[in-house]
Amino acid sequence: MSVVLGGRSSAMHRVAPPAFGSSDPTSASTGSEDGPIELEQELTEAKTGRSAMAALLEAKADEIEKNHRTLQEMDGRNRVISQSFEQADREVHSLRGECKKLADLLERRDSEIEDLREAKAHSGEVSEKLARDLAARDQQLAHAMENLAAQKTTFDKATRDVEILRKLNEQKDMKIAALTKEKSRLIERLTQLRATTAAKKARTQREGRAEREAVRDPGVLNAVKTAARRASAPVKVDRCGEGDDLGELRRTLAEANRELGQLRRALVLERQAHEATRRRGNEKSVEDRITPQALNPWKIHVSRLRE
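Per my numbering, the sequence shown starts with residue 507, numbered consecutively.
Here it is as structure tokens:
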């Protein structure tokens, strides 16, 4: 626009009208003849300048619009770049935290490696100590196996003794059962005899009461005495026989009770002896001082044998 105006001003400067009141007739006549032509030229130049100005303004407007769109695009890109920078800052912050963690981890690993180096430096001494410990454990295991063999022998012997005692106990139980059965039979027989004796005693009491009632009649008393004298011998014999049978039964029952008591005392003594043998075996196993590692197989063996 400045260029066009500058050109117009230069044209006006080149074709300036003559001043009023000029005294030059030549110039006055020339000006009067060339005036319309110059005006037409000026109008043409003005129209041309106006068209050029409009075109220039339109071009400038297009350029301004284009620049505005470019600025908007740049603003959007700037926002995207700002967001990218913020994301990058966050990632950098997180990476710094991870780097710090890695540094701490590396420091711990360095300390662990140093500990491993120290352990490796002392590995020879540790190996020797382990070898000595293993040799001592082998000796303890051999001693424990010997003790286990001895205890197994003792246990086998005790098992045989227990089996013998079990058989003896079975025999004694059978004998006790037989004696108990015999005792029951004798008790039943004694009960029957007691019932018979009680019946005879009641009959005798009735006869005595009858005799006491008949004392008042001398004839009846003489008849009763005569009958009593006649039947006195058999009655006495029968009563003596019943008394002998009752005494024999009582003696047999007493002997059976004594034998049963003796068998029970013998069974108790044998059980006490077996318990004492078992306690002595346990005390011997404690005195052997077997290590827990070697004692476990013995416990397993004993539990299996008990099952």
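Here a beta-carbon is modelled for each residue, glycine too, at the ideal position from N, C-alpha and C. Keep in mind the model is a prediction, meaning the values are calculated, not measured.
The DSSP-derived three-state label of His628 is coil.
Selection Asp621, Leu773, Gly753, Val632 evaluated against Met680 yields Leu773 as nearest (Cα-Cα).
CA-CA distance, Glu592 to Arg575, rounds to 26 Å.
With a cut-off of 8 Å on Cβ pairs, the region 758-768 is in contact with the region 670-686, counting three or more such pairs. Of Leu601, Ile670, Lys553, Ala650, the smallest CA-CA separation from Glu776 is found for Ile670. Buried is the label assigned to Ala650, since at least 16 other Cβ atoms lie within 10 Å of its Cβ. Taking a contact as a CB-CB distance under 8 Å, the pair Arg784 and Ala664 counts as one, their CB atoms being some 7 Å apart.
Each residue's CA atom was taken as its position, placing Gln589 and Glu613 some 36 Å apart. Rounded to the nearest angstrom, the gap between the Cα atoms of Gln677 and Asp667 is 15 Å.
A residue is called buried when at least 16 other Cβ atoms come within 10 angstroms of its Cβ; Gln711 does not meet this threshold and is exposed. Here the alpha carbon of Arg615 sits roughly 28 Å from the alpha carbon of Lys635. CA-to-CA, the gap between Glu620 and His628 works out to about 13 Å. Burial state of Leu622 is exposed, judged by a 10 Å Cβ sphere holding fewer than 16 other Cβ atoms. Around the beta carbon of Leu654, 16 or more other beta carbons lie within 10 angstroms, which makes this residue buried. Note on Gln657: 16 or more other CB atoms within 10 angstroms of its CB, so buried under the neighbour-count rule. Straight across, the Cα-Cα distance linking Asp581 with Glu544 is about 53 Å. CA-CA distance, Ala560 to Ile587, rounds to 39 Å. A straight line joining the alpha-carbon of Gln578 with that of Ala558 spans about 30 Å.
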